[in-house]
Amino acid sequence: MASILTVKVQDLNMKTYMSLAADKVFLTKQQNILQLVHRLHQKNIFMDQVDVGNTYDIEAHINNYKVRIAIKIC
Numbered sequence: 004m005a006s007i008l009t010v011k012v013q014d015l016n017m018k019t020y021m022s023l024a025a026d027k028v029f030l031t032k033q034q035n036i037l038q039l040v041h042r043l044h045q046k047n048i049f050m051d052q053v054d055v056g057n058t059y060d061i062e063a064h065i066n067n068y069k070v071r072i073a074i075k076i077c
């Protein structure tokens with residue numbers, strides 16, 4: 004069973020609450036982003052991210068980008 008986190012969001016105009024479910028995929032992506040910006044001014048301590056940064060080939064993944072012309076210019 005997938006773990007689900009329920010977060011309460013307040014609507015400032017109506018003063019009502021609603022629940023939003025966050026599945027495991029979303030929470031994993033959120034954790035990766037938080038790790039990426041963790042102590043941004045220091046060297047990255049997460050070696051898996053360092054490995055991805057050193058081996059990533061942007062041209063091999065050009066189809067994943069919306070504005071491909073910006074990648075080709077650089």
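4 is the number of the first residue of the sequence shown in my numbering; add one for each residue after it.
The beta carbon of each residue, even a glycine, is placed where N, CA and C say it ideally should be.
The shortest CA-to-CA distance from Q52 to any of L30, R42, Q38, Y68 is the one to Q38. In the three-state DSSP reduction, L23 falls in the strand class (E or B).
Residues of the same chain with a CB within less than 8 Å of the CB of E62, apart from the 5 flanking positions on each side, are I74 in chain order.
The beta strand (DSSP E) runs lying completely inside the segment 18-75 and spanning 3 residues or more are 19-25, given in chain order. Separation of Y59 and I65 (C-alpha to C-alpha, rounded to the nearest whole angstrom) is 11 Å. Each residue's CA atom was taken as its position, placing K32 and V40 some 13 Å apart. M50 and A25 have their C-alpha atoms roughly 27 Å apart.
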